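Protein chains: 2
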Amino acid sequence: MIKKYVMTPGPTPISEEVLLEHARPLMHHRTPEFSKIFIETGEKLKKLFKTENDLFILTSSGTGGMEAAVTNSFCKGDKVLVVSIGYFGERFKKMSQEFDLDVISLDYEWGDAANPDDIKKALDENPDIKGVMIQFSETSTGAINDIQTIGNIVKNYPAILIVDAISGLVASDLRTDEWGLDIVIGGSQKGLSAPTGIAFISVSKKAWSLIEKSDLPKFYFDLTRAREASLRTPPQTPWTPGISIIVALNKALDLLFEEGLEKAFERHRVLALATQRAVEKLGLELLVKDEKKRGFSTTAVVVPEGIDGKALTKIMRQKYGVVLAGGQGKLQGKIFRIGHLGYVGMFDVITAISALEMALKEVGYKFEVGAGITEAEKVFIENNYLS
Amino acid sequence: MIKKYVMTPGPTPISEEVLLEHARPLMHHRTPEFSKIFIETGEKLKKLFKTENDLFILTSSGTGGMEAAVTNSFCKGDKVLVVSIGYFGERFKKMSQEFDLDVISLDYEWGDAANPDDIKKALDENPDIKGVMIQFSETSTGAINDIQTIGNIVKNYPAILIVDAISGLVASDLRTDEWGLDIVIGGSQKGLSAPTGIAFISVSKKAWSLIEKSDLPKFYFDLTRAREASLRTPPQTPWTPGISIIVALNKALDLLFEEGLEKAFERHRVLALATQRAVEKLGLELLVKDEKKRGFSTTAVVVPEGIDGKALTKIMRQKYGVVLAGGQGKLQGKIFRIGHLGYVGMFDVITAISALEMALKEVGYKFEVGAGITEAEKVFIENNYLS
Numbered sequence: 001m002i003k004k005y006v007m008t009p010g011p012t013p014i015s016e017e018v019l020l021e022h023a024r025p026l027m028h029h030r031t032p033e034f035s036k037i038f039i040e041t042g043e044k045l046k047k048l049f050k051t052e053n054d055l056f057i058l059t060s061s062g063t064g065g066m067e068a069a070v071t072n073s074f075c076k077g078d079k080v081l082v083v084s085i086g087y088f089g090e091r092f093k094k095m096s097q098e099f100d101l102d103v104i105s106l107d108y109e110w111g112d113a114a115n116p117d118d119i120k121k122a123l124d125e126n127p128d129i130k131g132v133m134i135q136f137s138e139t140s141t142g143a144i145n146d147i148q149t150i151g152n153i154v155k156n157y158p159a160i161l162i163v164d165a166i167s168g169l170v171a172s173d174l175r176t177d178e179w180g181l182d183i184v185i186g187g188s189q190k191g192l193s194a195p196t197g198i199a200f201i202s203v204s205k206k207a208w209s210l211i212e213k214s215d216l217p218k219f220y221f222d223l224t225r226a227r228e229a230s231l232r233t234p235p236q237t238p239w240t241p242g243i244s245i246i247v248a249l250n251k252a253l254d255l256l257f258e259e260g261l262e263k264a265f266e267r268h269r270v271l272a273l274a275t276q277r278a279v280e281k282l283g284l285e286l287l288v289k290d291e292k293k294r295g296f297s298t299t300a301v302v303v304p305e306g307i308d309g310k311a312l313t314k315i316m317r318q319k320y321g322v323v324l325a326g327g328q329g330k331l332q333g334k335i336f337r338i339g340h341l342g343y344v345g346m347f348d349v350i351t352a353i354s355a356l357e358m359a360l361k362e363v364g365y366k367f368e369v370g371a372g373i374t375e376a377e378k379v380f381i382e383n384n385y386l387s
Numbered sequence: 001m002i003k004k005y006v007m008t009p010g011p012t013p014i015s016e017e018v019l020l021e022h023a024r025p026l027m028h029h030r031t032p033e034f035s036k037i038f039i040e041t042g043e044k045l046k047k048l049f050k051t052e053n054d055l056f057i058l059t060s061s062g063t064g065g066m067e068a069a070v071t072n073s074f075c076k077g078d079k080v081l082v083v084s085i086g087y088f089g090e091r092f093k094k095m096s097q098e099f100d101l102d103v104i105s106l107d108y109e110w111g112d113a114a115n116p117d118d119i120k121k122a123l124d125e126n127p128d129i130k131g132v133m134i135q136f137s138e139t140s141t142g143a144i145n146d147i148q149t150i151g152n153i154v155k156n157y158p159a160i161l162i163v164d165a166i167s168g169l170v171a172s173d174l175r176t177d178e179w180g181l182d183i184v185i186g187g188s189q190k191g192l193s194a195p196t197g198i199a200f201i202s203v204s205k206k207a208w209s210l211i212e213k214s215d216l217p218k219f220y221f222d223l224t225r226a227r228e229a230s231l232r233t234p235p236q237t238p239w240t241p242g243i244s245i246i247v248a249l250n251k252a253l254d255l256l257f258e259e260g261l262e263k264a265f266e267r268h269r270v271l272a273l274a275t276q277r278a279v280e281k282l283g284l285e286l287l288v289k290d291e292k293k294r295g296f297s298t299t300a301v302v303v304p305e306g307i308d309g310k311a312l313t314k315i316m317r318q319k320y321g322v323v324l325a326g327g328q329g330k331l332q333g334k335i336f337r338i339g340h341l342g343y344v345g346m347f348d349v350i351t352a353i354s355a356l357e358m359a360l361k362e363v364g365y366k367f368e369v370g371a372g373i374t375e376a377e378k379v380f381i382e383n384n385y386l387s
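Respectively, the protein sequence lines represent chains A and B. So that you can map any letter, position 206 of the first sequence is 206 in the working numbering, and since no number is skipped, the others follow by simple counting. So that you can map any letter, position 83 of the second sequence is 83 in the working numbering, and since no number is skipped, the others follow by simple counting.
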């Protein structure tokens, strides 16, 4: 009997309550019964986004939400600024190039975060930039961008700001309207701990003014069609939605608001801190050097010299049931990532660190057994047990 | 206490066994545990499609699968023939126009099916047609196209044949390889009775030769990326898939093969026949006049003169718990549709017809009470109770 613990940056563990909702008998998506849930889910997502903007629910992974942002906002040949601090920044670039946009890229070391001044400089030098794309939390490195400052810069330019908040939402506060974020993308399977397969996207008035002019081809992810469907009585989606995921998501949102947003942010801050302190106590190096640039959803750990990272995570998965994520893109084999996002509590972190210690021991890494879990426990005690 | 019966052409009822699989604790999509299910699901879908072609699982509604077919197969300005016998034929047209294809359309009355000779004629007159798009079962009317004959025609031309089999699969036999179908699209929520949110698409060698030249922009639905991911060890999807839907789908496929494909086709034939005979016995008119053109997934019934179709289906839903579908596009308000697709047995048809009789009585329609259910029961008896 090996109990399983999924500690990745997404999909994240799903609570029993949400799983039971997920398994409710089929509701047809054109019935009042589902409409009620659909409307509620949209309203709760807006509350999470802290926005009065339009918000649409798409049946796709988060990447589909990113594609919706790109293909709806621009015209062929439009100049866009893609700020890349990792693998998902690169995805925005590839996607923009595929749809014939003129991409200026602002690249940082993977593990670093963007400098808002660089964005201001790029906007000053290129007044024809139509949009800025950036990650809130970069899932591949665990770094977080200062979206508040960036939002306050971009709102003074004609460009719109597109924020991939897929793995950042719920882990850290995001204030769509206050910070002037034109398009924000989220996903069901990250901080909300609902099943995979739903993305959501908020759209500001400033973004709509571009969308109305956009000439890039789109159909499935066409936000104008989504808006049309949302204005019907009752509101609908243009295509059959992922019904059971939305039903589960609605429950997951209830659980989040029962906890309270502020408490959820604080929980993620402390879970991240405990994980990061514990890992450092074991003598391991964190990918994100600057503590202020570390997000609260994921901790990326550099695989130590002489250790096979793949073997390490395989031992953790096969012998101890703890699933971590490896590195993506050029970080493959060089890091592993511990997710502490969503339906995760103190003892999940203690478990993950304990399994990590056992696996490190097995691969011959030198450290003081128990040092990591002791450090994590101390962080929880110092922070009043997350409460 | 009102028991609920969803009798629409999709989503279709989900069995308890599939719902329980759907609610399994989260599996991460990069674990061997999920990989096994993912590979099995693909193999079982190929068996259902009767194909050795590549088959990809997409996280989207069926419309996403249609978009994948269009955007991957063609180049800007390519001439395509869209055969339209209803609402979903029109969707292929809109989509093709959105992606700058040169659309020739072959339109039939809604309720009719395509004449294969017309397709041959169009191909002869336009030797530069790159692809033919058509529905197997047209969900909006319940009519079925003779895909076998059409496949045998198109395979002699350079054009590829794209078949939307979303609501036709499982209800009727479809032989992808034997009939020469280059791209076939299916969905999780129709004949397979799994949750909404997954589409699948098979791709022939002939289709690949076009896909490799295609210059239409695509990212989320890029089949070349899907192929690349599928060739990794273990096979993967390029983006996070709808994990819990695939897990449910795998179980739904097991149930289908336990029943046996031939038996499932026969079951749908008899369910359709019983529904259609019962409706006619009540003096109602079927939208598809020609019995040979009636598919086995859905029965479209013309709303009788003087009766409010919306009021009728609302009574059925609110008072009797039986959910039917209305008309789509230009058939809105003019027909209602009874789905008898997927996890549906004899007594679901008896129930639907019984609720229909009760509602017809209530809105003042004149008929002999019990005539419909009696006729349905007779059909089941004559056909040896589906066995």
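For glycine and all other residues, C-beta sits at the position ideal for the given N, C-alpha and C. Just so you know, these numbers come straight off a predicted model, no measurement behind them.
Task: For A/M316, the first and last residue of its enclosing alpha helix (DSSP H) - done: Where A/M316 is concerned, the enclosing alpha helix (DSSP H) stretches over 309-320.
Task: The alpha helix (DSSP H) enclosing B/R269, as first and last residue numbers - done: 261-281
TODO: Please classify A/M7: is it buried, with 16 or more other beta-carbons within 10 angstroms of its beta-carbon, or exposed?
DONE: buried
TODO: Compare the C-beta of A/I243 with all C-beta atoms of chain B and state if any pair is closer than 9 Å.
DONE: yes
Task: At least 3 beta-carbon pairs within less than 8 Å: the stretch 242-262 of chain A vs the stretch 20-29 of chain A - done: By the criterion of at least three beta-carbon pairs nearer than 8 Å, the stretch 242-262 of chain A is in contact with the stretch 20-29 of chain A.
Open item on the list: Relative to the C-alpha of B/P389, which candidate in A/R175, A/T59, A/P32, A/K46 has its C-alpha closest?
Closed with: Since the first and last residues shown for chain B are 1 and 387, residue 389 of chain B lies out of range.
Open item on the list: Determine, for A/S60, whether the minimum Cβ-Cβ distance to residues of chain B falls below 9 Å.
Closed with: yes
Task: Alpha-carbon spacing of B/L123 relative to B/L181, whole angstroms - done: Approximately 16 Å between the Cα atoms of the pair.
Open item on the list: If you follow the beta strand (DSSP E) that B/F92 is in, where does it begin and where does it stop?
Closed with: Here B/F92 belongs to no beta strand (DSSP E); instead the alpha helix (DSSP H) covers 87-98.
TODO: Assign B/V369 to buried or exposed, taking buried as 16 or more other Cβ atoms, counted over all protein chains shown, within 10 Å of its Cβ.
DONE: exposed
Task: Supposed close pair A/F296, A/L45 - CB separation, criterion 8 Å - done: Taking C-beta atoms under 8 Å as the contact rule, A/F296 and A/L45 fail to qualify, at a distance of about 20 Å.
Open item on the list: In whole angstroms, give me the CA-to-CA distance for B/I104 and B/Y157.
Closed with: 16 Å
Open item on the list: On the DSSP letters alone, give me the boundaries of the alpha helix (DSSP H) that B/T63 sits inside.
Closed with: 62-73
Task: Close beta carbons around B/L324, own chain, < 7 Å, minus the five adjacent residues each side - done: M7, T8, T313, M316, F336, R337, I338
Task: C-beta contact flag for A/S84 and A/D102 at 9 Å - done: no
Open item on the list: With distance defined between alpha-carbon atoms, name the residue in B/T41, B/S35, B/E33 nearest to B/K251.
Closed with: B/T41
Task: 9 Å Cβ cut-off: residues of chain A touching B/M316 - done: What B/M316 touches in chain A: nothing, since even the nearest Cβ is about 12 Å away.
TODO: Could you tell me the distance, in whole angstroms, from the CA atom of B/F92 to the CA atom of B/L81?
DONE: 10 Å
Open item on the list: Residues of chain B with CB closer than 9 Å to the CB of A/T63, please, in chain order.
Closed with: Under the 9 Å cutoff, chain B gives F219, Y220, P238, W239, T240.
TODO: Return the CA-CA distance between A/F262 and A/E291, expressed in angstroms with no decimal places.
DONE: Checking the displayed sequence, the identity of residue 262 of chain A turns out to be Glu instead of Phe. Cα-Cα distance, rounded: 21 Å.
- [ ] Please state whether DSSP places A/M358 in a helix, a strand or coil.
- [x] Assigned with DSSP and collapsed to three states, A/M358 falls in helix.
Open item on the list: Let's test the definition: count the other Cβ atoms within 10 Å of the Cβ of A/I381 and tell me whether it reaches 16, buried, or not, exposed.
Closed with: exposed
Task: Within chain A, partners of B/T224 - CB distance below 7 Å - done: Around B/T224, no beta-carbon contact reaches into chain A at under 7 Å, the shortest distance being about 11 Å.
TODO: Flag this pair as yes or no: are the beta carbons of B/D78 and B/V203 separated by less than 9 Å?
DONE: No, the Cβ-Cβ distance between B/D78 and B/V203 is not below 9 Å.
Task: Simplified DSSP assignment, three categories, for B/Q148 - done: helix
Open item on the list: For B/A199, list the residues DSSP reports as bridge partners.
Closed with: B/L58, B/G187
- [ ] Decide if B/G329 is buried, meaning its Cβ has at least 16 other Cβ atoms within 10 Å, or exposed.
- [x] exposed
TODO: For B/M1, count neighbouring Cβ atoms within 10 angstroms of its own Cβ and tell me buried if that reaches 16, exposed if not.
DONE: exposed
Open item on the list: Determine whether the beta carbon atoms of B/L216 and B/D100 lie at a separation below 9 Å.
Closed with: yes
Task: Where A/R227 falls: helix, strand or coil (DSSP) - done: helix
Task: Touch test, the stretch 154-168 of chain B against the stretch 354-365 of chain B, Cβ-Cβ under 8 Å, three pairs minimum - done: no
Task: Spatially closest choice to B/K293 from B/A274, B/S61, B/G142, by CA coordinates - done: B/G142
TODO: Determine the direct distance from the alpha carbon of A/A278 to that of A/D112, and round the result to whole angstroms.
DONE: 21 Å
- [ ] Could you tell me the distance, in whole angstroms, from the CA atom of B/M346 to the CA atom of B/L271?
- [x] 7 Å
- [ ] Give the residues from the stretch 121-137 of chain A that approach chain B closer than 8 Å (Cβ to any Cβ), ordered along the chain.
- [x] none
- [ ] May I ask which residues mark the beginning and end of the alpha helix (DSSP H) holding A/S209?
- [x] 205-211
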